[in-house]
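Colleague:
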Amino acid sequence: MSVVYCHIFRRLISYNPYRKKSTTMPLKRVFFWQPNAGSTVNSQILNEVSQCVESINGVKEGRWKATLTFYKPMLRDQALSAEFPREFIGISLPEQPNKYYFVLRFNKIVLESDSSIQLIMEKLQSYKSRVALNFEGFQYQLGDFQLRVGKVVPSHSENLRGIVMEVEYLPISSLEKSKQIMEEFFDIWQDAISKRSLPGRFIHIEPDFSDYGLADHYTSQHTAVQYTHVTSQLIASVQAVQTGRN
Amino acid sequence: MLQQHHQQQQHHHLQSAITAAPPPSATTSTPPSSTTGEAPPKQVALAMDRLGQAARLIADIRLGADRLLEALFVASQPHQSSKPLHLFRQEDESMRQHLQDLRTVGKQLEESGVLNESLRSRSNSWGLHMPLVCPDGAVVAYAWKRQLAGQAGASAVDRTRLALKAFTDQKRRFFPHLDDEEDGEGTDTVSKKHRNLPALAEDNQDNLSDCKTLSDVLTNLEKEIPNLKVSTYERLDWLKRASSLPASANDNTMEAPKHNFHSTSILRPAPQNVASMDKVAVIELFFPSIFRAVVSLHPAGSTDPDSVAFFSPDEGGSYMHSRGSSVYHVFRQITEHATVALQYFLGIRSKTALYSLLHWICSYQTLFTKVCNKCGRLLAMDRQSALILPPVHRPYRTLSVSKQSSSQSISSTLDQGSNAPEAYHIGCFSDNM
Numbered sequence: 001m002s003v004v005y006c007h008i009f010r011r012l013i014s015y016n017p018y019r020k021k022s023t024t025m026p027l028k029r030v031f032f033w034q035p036n037a038g039s040t041v042n043s044q045i046l047n048e049v050s051q052c053v054e055s056i057n058g059v060k061e062g063r064w065k066a067t068l069t070f071y072k073p074m075l076r077d078q079a080l081s082a083e084f085p086r087e088f089i090g091i092s093l094p095e096q097p098n099k100y101y102f103v104l105r106f107n108k109i110v111l112e113s114d115s116s117i118q119l120i121m122e123k124l125q126s127y128k129s130r131v132a133l134n135f136e137g138f139q140y141q142l143g144d145f146q147l148r149v150g151k152v153v154p155s156h157s158e159n160l161r162g163i164v165m166e167v168e169y170l171p172i173s174s175l176e177k178s179k180q181i182m183e184e185f186f187d188i189w190q191d192a193i194s195k196r197s198l199p200g201r202f203i204h205i206e207p208d209f210s211d212y213g214l215a216d217h218y219t220s221q222h223t224a225v226q227y228t229h230v231t232s233q234l235i236a237s238v239q240a241v242q243t244g245r246n
Numbered sequence: 001m002l003q004q005h006h007q008q009q010q011h012h013h014l015q016s017a018i019t020a021a022p023p024p025s026a027t028t029s030t031p032p033s034s035t036t037g038e039a040p041p042k043q044v045a046l047a048m049d050r051l052g053q054a055a056r057l058i059a060d061i062r063l064g065a066d067r068l069l070e071a072l073f074v075a076s077q078p079h080q081s082s083k084p085l086h087l088f089r090q091e092d093e094s095m096r097q098h099l100q101d102l103r104t105v106g107k108q109l110e111e112s113g114v115l116n117e118s119l120r121s122r123s124n125s126w127g128l129h130m131p132l133v134c135p136d137g138a139v140v141a142y143a144w145k146r147q148l149a150g151q152a153g154a155s156a157v158d159r160t161r162l163a164l165k166a167f168t169d170q171k172r173r174f175f176p177h178l179d180d181e182e183d184g185e186g187t188d189t190v191s192k193k194h195r196n197l198p199a200l201a202e203d204n205q206d207n208l209s210d211c212k213t214l215s216d217v218l219t220n221l222e223k224e225i226p227n228l229k230v231s232t233y234e235r236l237d238w239l240k241r242a243s244s245l246p247a248s249a250n251d252n253t254m255e256a257p258k259h260n261f262h263s264t265s266i267l268r269p270a271p272q273n274v275a276s277m278d279k280v281a282v283i284e285l286f287f288p289s290i291f292r293a294v295v296s297l298h299p300a301g302s303t304d305p306d307s308v309a310f311f312s313p314d315e316g317g318s319y320m321h322s323r324g325s326s327v328y329h330v331f332r333q334i335t336e337h338a339t340v341a342l343q344y345f346l347g348i349r350s351k352t353a354l355y356s357l358l359h360w361i362c363s364y365q366t367l368f369t370k371v372c373n374k375c376g377r378l379l380a381m382d383r384q385s386a387l388i389l390p391p392v393h394r395p396y397r398t399l400s401v402s403k404q405s406s407s408q409s410i411s412s413t414l415d416q417g418s419n420a421p422e423a424y425h426i427g428c429f430s431d432n433m
């Protein structure tokens with residue numbers, strides 16, 4: 001059944017004749033804040049991080065917002081739910097206002113579609129949003145780098161669940177060629193932030209893009225995959241804290 | 001012959017009638033009587049009409065002169081009938097008529113004040129101005145526009161020529177030593193003269209004497225440096241290509257092996273054939289995913305570079321040319337450095353300037369991987385510009401361009417080799433390098 005749904009979506013998406021060409025974007029790494037054992041994330045940390053960006057000559061540019069939604073299928077017979085993909089995620093990104101991305105994490109599928117797909121899904125009453133998260137914050141320019149620092153909050157709530165940071169290097173789009181640059185930038189960042197002695201650190205775990213069929217040239221689909229992974233890591237760390245408390 | 005002379009005289013008379021005619025009457029302040037009855041818009045329209053007529057008549061006269069000359073030529077051939085004489089008479093009549101008409105139109109234009117500036121001071125409530133024919137023949141719809149535009153009467157080509165002349169004069173004035181070197185160079189004296197300069201590089205100039213033509217230089221480059229894509233363009237073709245970028249980069253990306261989809265680059269132009277090498281004015285050096293460099297040659301087809309600029313591999317637009325500037329800081333910095341390097345190559349090594357420049361440009365293929373030779377890091381915050389940049393400086397004075405060593409140093413690249421060209425951050429670079 002899950003295959004059928006994938007098929008339907010693919011057909012819906014394929015009405016866009018240009019779907020196969022994904023525009024090359026400058027490459028980006030998404031980091032999430034990992035609080036130290038026994039501490040939690042709070043807005044004070046977010047402030048310190050923002051100040052740190054400004055201390056390395058980051059120029060505040062504006063706001064940004066991305067959303068991530070967990071979908072569950074609307075089924076009459078709940079017993080069939082096992083046949084559906086375990087995690088079906090929809091993502092909207094600020095740099096692509098006309099697109100919507102789907103990621104099936106366990107099936108290693110990522111799809112780019114027109115943003116009107118959300119309306120279609122609603123009309124079809126095929127999938128319902130189970131949990132929705134907002135990533136929002138400020139964007140900073142540092143020469144050829146662009147940084148985004150944002151809080152993770154469930155939609156319809158102000159509860160800070162996490163902090164994410166995007167580091168984007170604008171001049172090139174090859175993951176392979178930019179590896180060293182990104183790593184060194186993170187070293188510079190670490191130097192700056194460690195002076196503030198915050199209870200935690202930013203982590204980036206690079207997903208295996210080739211599993212998803214993505215190439216070396218960075219695209220927004222890569223970003224969608226990164227957000228999916230970051231979210232699952234955030235959830236895991238929140239759950240770990242909760243079990244720790246209990 | 002006599003008729004031709006006569007016609008030439010009339011031509012001169014005509015020219016003087018059109019150019020800088022004296023005011024129609026002694027009293028310049030009062031407008032000529034023929035125009036008082038009409039409203040300014042009609043006057044302007046009439047004037048424009050007459051100018052058009054005059055232009056057509058002048059064209060007819062030119063054609064007529066051609067035909068007369070042709071008839072003369074035919075007449076000079078042996079065994080001709082009376083045909084040329086007949087042609088002659090025909091043309092003579094029509095020429096006289098044209099000239100007469102032109103005189104009439106000229107008088108009308110004079111009277112309406114188009115050929116002089118007598119009407120400039122007259123302001124009319126309509127805010128309209130009579131067209132003005134300037135001494136160099138340019139027609140300006142509004143007399144004041146001429147003032148504002150200044151040199152706008154000259155065509156763009158003239159302006160460029162003037163600018164180039166001015167620049168060459170200045171160069172001769174402020175850089176006399178460069179001219180001396182160019183003048184003093186003979187093939188024999190080269191090695192003797194340059195002994196006191198960084199010796200290694202200069203001795204090798206002789207080795208490259210077989211790289212004299214543009215295609216030699218480029219073929220040599222392609223052979224020595226893998227990974228590099230060299231393309232050549234005529235100047236206008238480059239503009240078209242620049243505007244179509246970066247689409248070709250995207251077309252080359254392969255999507256998921258799962259989906260088994262291959263795209264072909266439809267926008268990459270067909271490779272230049274050697275036959276049009278003499279029109280090549282732009283060389284593009286493309287290292288996929290790293291950078292794109294644009295070098296301009298002047299004159300076209302020569303091996304004399306006159307400007308260079310670096311861009312991101314994903315950039316595109318009509319601003320991408322050898323005097324343009326990238327939107328990214330890193331490539332802007334490299335372009336600045338490259339301009340200085342180019343001047344050095346042109347001044348000190350003018351014979352192999354292009355070859356040296358292109359090789360030096362290729363040393364940037366390690367831009368995002370080679371750490372700075374001074375501080376050992378890849379990224380550093382530049383104090384002056386407050387930007388985080390990779391090492392954007394590559395030394396050019398000690399660049400060795402002999403064939404053997406360059407193939408060693410650049411092909412063994414992936415930069416960790418000790419032969420690799422050096423790199424420095426802006427702050428780590430000192431001028432004597």
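Chains A and B are the protein sequences, given in the same order.
Take the first sequence: its letters are residues 1 to 246, numbered as in UniProt numbering.
Take the second sequence: its letters are residues 1 to 433, numbered as in UniProt numbering.
All C-beta atoms in this analysis are idealised placements derived from N, C-alpha and C, irrespective of residue type, glycine included.
(1) Tell me where the beta strand (DSSP E) around A:M74 begins and ends.
(2) With a threshold of 8 Å between beta carbons, is A:F31 in contact with chain B?
(3) Can you list the residues of chain B that A:E112 reaches, using a CB-CB cut of under 7 Å?
(4) If A:Y169 sits next to A:V30, beta carbons under 8 Å apart, how far is it from one beta carbon to the other, in whole angstroms?
(5) What residue range does the beta strand (DSSP E) around A:L198 cover?
(6) Name the residue from A:H222, A:V241, A:I117 whose alpha carbon lies nearest to the alpha carbon of A:K108.
(7) Taking three-plus beta-carbon pairs below 8 Å as touching, is the stretch 56-68 of chain A in contact with the stretch 131-148 of chain A?
(8) Please classify A:M165: is it buried, with 16 or more other beta-carbons within 10 angstroms of its beta-carbon, or exposed?
(9) Give the interface partners of A:F145 over in chain B, defined as CB-CB distance under 7 Å, in chain order.
(10) Looking only at its chain, what residues have a beta carbon closer than 6 Å to the beta carbon of B:H393, apart from the 5 residues adjacent to it on each side?
(11) Which residues does DSSP list as the beta-bridge partners of B:F175?
(12) Hey, out of A:P171, A:V230, A:L111, whose CA is closest to A:R161's CA?
(13) Straight-line CA distance for B:V114 to B:D169?
(14) In this structure, does DSSP put A:Q239 in helix, strand or coil?
(15) Check the Cβ of A:N57 against every Cβ in chain B and list those closer than 7 Å, keeping chain order.
(16) So the candidates are B:L68, B:S94, B:M95, B:R96; which of them puts its Cα closest to the Cα of B:P84?
(17) Taking only beta-carbon positions, decide if B:T369 is within less than 8 Å of chain A.
(18) If you measure between the beta carbons of A:K171 and B:S312, is that distance less than 8 Å?
(19) Let me know the secondary structure DSSP gives B:S76 once reduced to three states.
(20) Does the Cβ-Cβ distance between B:V295 and B:V280 come in under 8 Å?
(21) Does the stretch 53-61 of chain B come within contact of the stretch 70-80 of chain B, defined as at least 3 CB pairs closer than 8 Å?
(22) Please state whether DSSP places B:T232 in a helix, a strand or coil.
(23) Of all Cβ atoms in chain A, is any one closer than 8 Å to the Cβ of B:H298?
(24) Can you confirm whether A:S50, when its beta carbon is compared against all beta carbons of chain B, has any partner nearer than 8 Å?
(25) Could you confirm whether any beta carbon from chain B is found closer than 8 Å to the beta carbon of A:T24?
(26) According to DSSP, simplified to helix, strand and coil, what is A:T69?
(27) For chain A, find out if any of its Cβ atoms is closer than 8 Å to the Cβ of B:R394; answer yes or no.
(28) Verify the CB distance criterion: does A:S220 have a CB-CB separation below 8 Å to chain B?
(29) Per the contact definition of three or more C-beta pairs closer than 8 Å, is the stretch 317-325 of chain B in contact with the stretch 229-248 of chain B?
(30) To the nearest angstrom, how far is the alpha carbon of B:E111 from that of B:F88?
(31) Please state whether DSSP places A:N47 in a helix, a strand or coil.
(32) Starting from the N-terminal side, write out each stretch of the beta strand (DSSP E) that is 3 residues or longer and does not extend beyond the stretch 160-225 of chain A.
(33) Would you mind sorting A:G62 into buried or exposed? The rule is 16 or more other CB atoms within 10 Å of its CB.
(34) Buried or exposed: where does A:G58 fall if 16 or more other Cβ atoms within 10 Å of its Cβ makes it buried?
(35) Suppose you measure from the CA of B:S215 to the CA of B:M277; what does that come to, to the nearest Å?
(36) Whole angstroms is fine: what's the gap from B:E224's alpha carbon to B:F287's?
Modeller: This is what the structure gives:
(1) Position 74 of the first sequence, counted from the first residue, corresponds to residue 74 of chain A. Note, A:M74: premise wrong, no beta strand (DSSP E); not H, not E.
(2) Walking along the first sequence from the start, residue 31 of chain A turns up at place 31. Cβ-Cβ to chain B under 8 Å: no for A:F31.
(3) In the first sequence, counting from the first residue as 1, residue 112 of chain A sits at position 112. Correct list: empty, because the minimum Cβ distance to chain B is about 11 Å.
(4) Counted from its first residue, the first sequence places residue 169 of chain A at position 169. Counted from its first residue, the first sequence places residue 30 of chain A at position 30. Rounded to whole angstroms, the Cβ separation of A:Y169 and A:V30 is 13 Å, and the two are not in contact under 8 Å.
(5) Position 198 of the first sequence, counted from the start, is the residue given in the question as residue 198 of chain A. Here A:L198 belongs to no beta strand (DSSP E), and DSSP marks it neither H nor E.
(6) Here residue 108 of chain A refers to the residue found at position 108 of the first sequence. When only C-alpha atoms are compared, the closest one is A:H222.
(7) Verdict: yes, contact present.
(8) As a working mapping, residue 165 of chain A is identified with position 165 in the first sequence. Buried, since its Cβ has 16 or more Cβ neighbours within 10 Å.
(9) Taking the first residue of the first sequence as position 1, residue 145 of chain A is located at position 145. Against chain B, the beta carbon of A:F145 has neighbours under 7 Å at I388, listed in chain order.
(10) The residue you call residue 393 of chain B lines up with position 393 of the second sequence. So the qualifying residues of the chain are H337, Y424, F429.
(11) Start at 1 with the first residue of the second sequence, and residue 175 of chain B comes out as number 175. DSSP links B:F175 through a beta bridge to no other residue.
(12) The residue you call residue 161 of chain A lines up with position 161 of the first sequence. For A:R161, the closest of A:P171, A:V230, A:L111 by C-alpha to C-alpha distance is A:V230.
(13) The count along the second sequence starts at 1 and reaches residue 114 of chain B at position 114. The count along the second sequence starts at 1 and reaches residue 169 of chain B at position 169. For B:V114 and B:D169, the distance between alpha carbons rounds to 39 Å.
(14) As a position in the first sequence, residue 239 of chain A is number 239, starting the count at 1. Of the three classes helix, strand and coil, the one that applies to A:Q239 here is helix, per DSSP.
(15) Taking the first residue of the first sequence as position 1, residue 57 of chain A is located at position 57. The answer, in chain order, is A386.
(16) Here residue 84 of chain B refers to the residue found at position 84 when the second sequence is read from its first residue. Minimum Cα-Cα distance from B:P84 among the listed residues B:L68, B:S94, B:M95, B:R96 corresponds to B:L68.
(17) The residue given as residue 369 of chain B occupies position 369 in the second sequence. Yes, B:T369 counts as interfacial toward chain A.
(18) Position 171 of the first sequence, counted from the start, is the residue given in the question as residue 171 of chain A. Position 312 of the second sequence, counted from the start, is the residue given in the question as residue 312 of chain B. Per the sequence shown, the amino acid found at residue 171 of chain A is Pro instead of Lys. Cβ atoms of A:P171 and B:S312: closer than 8 Å.
(19) Numbered from 1 along the second sequence, position 76 holds the residue referred to as residue 76 of chain B. Collapsing the DSSP output to three states places B:S76 in a helix.
(20) Within the second sequence, residue 295 of chain B is the residue found at index 295, counting from 1. Within the second sequence, residue 280 of chain B is the residue found at index 280, counting from 1. No, Cβ-Cβ distance for B:V295 and B:V280 is not below 8 Å.
(21) Not touching, per the Cβ criterion.
(22) As a position in the second sequence, residue 232 of chain B is number 232, starting the count at 1. Assignment of B:T232 by DSSP, reduced to helix, strand and coil, places it in the strand class.
(23) Taking the second sequence and counting its residues from 1, one reaches residue 298 of chain B at position 298. Chain A, which has no Cβ nearer than 8 Å to the Cβ of B:H298, makes this no.
(24) Along the first sequence, read from residue 1 onward, the residue named residue 50 of chain A stands at position 50. At a cut-off of 8 Å, the C-beta of A:S50 has no neighbouring C-beta in chain B.
(25) As a first step, residue 24 of chain A must be located in the first sequence, where it is residue number 24. Chain B, which has a Cβ nearer than 8 Å to the Cβ of A:T24, makes this yes.
(26) Mapped onto the first sequence, residue 69 of chain A falls at position 69. Of the three classes helix, strand and coil, the one that applies to A:T69 here is strand, per DSSP.
(27) Against the second sequence, residue 394 of chain B aligns to sequence position 394. It does not; no Cβ of chain A falls within 8 Å.
(28) Position 220 of the first sequence, counted from the start, is the residue given in the question as residue 220 of chain A. No, A:S220 does not count as interfacial toward chain B.
(29) The answer is yes - the stretch 317-325 of chain B touches the stretch 229-248 of chain B, with three or more Cβ pairs under 8 Å.
(30) As a first step, residue 111 of chain B is located in the second sequence; it is residue number 111 there, counting from the start. As a first step, residue 88 of chain B is located in the second sequence; it is residue number 88 there, counting from the start. One C-alpha to the other measures close to 34 Å.
(31) Here residue 47 of chain A is taken as the residue at index 47 of the first sequence, counted from 1. Taken through DSSP and simplified to helix, strand or coil, A:N47 comes out as helix.
(32) For the stretch 160-225 of chain A, whole beta strand (DSSP E) runs of length 3 or above, ordered along the chain, are 162-169, 200-203.
(33) Within the first sequence, the letter at position 62 stands for residue 62 of chain A. A:G62 counts as exposed, since fewer than 16 other C-beta atoms from the protein chains shown sit within 10 angstroms of its C-beta.
(34) On the first sequence, residue 58 of chain A is found 58 positions in, with the first residue counted as 1. So A:G58 ends up on the buried side.
(35) Here the question's residue 215 of chain B lines up with position 215 in the second sequence. Here the question's residue 277 of chain B lines up with position 277 in the second sequence. Each residue's alpha carbon lies about 7 Å from the other.
(36) Start at 1 with the first residue of the second sequence, and residue 224 of chain B comes out as number 224. Start at 1 with the first residue of the second sequence, and residue 287 of chain B comes out as number 287. Spanning the two alpha carbons is a distance of roughly 14 Å.
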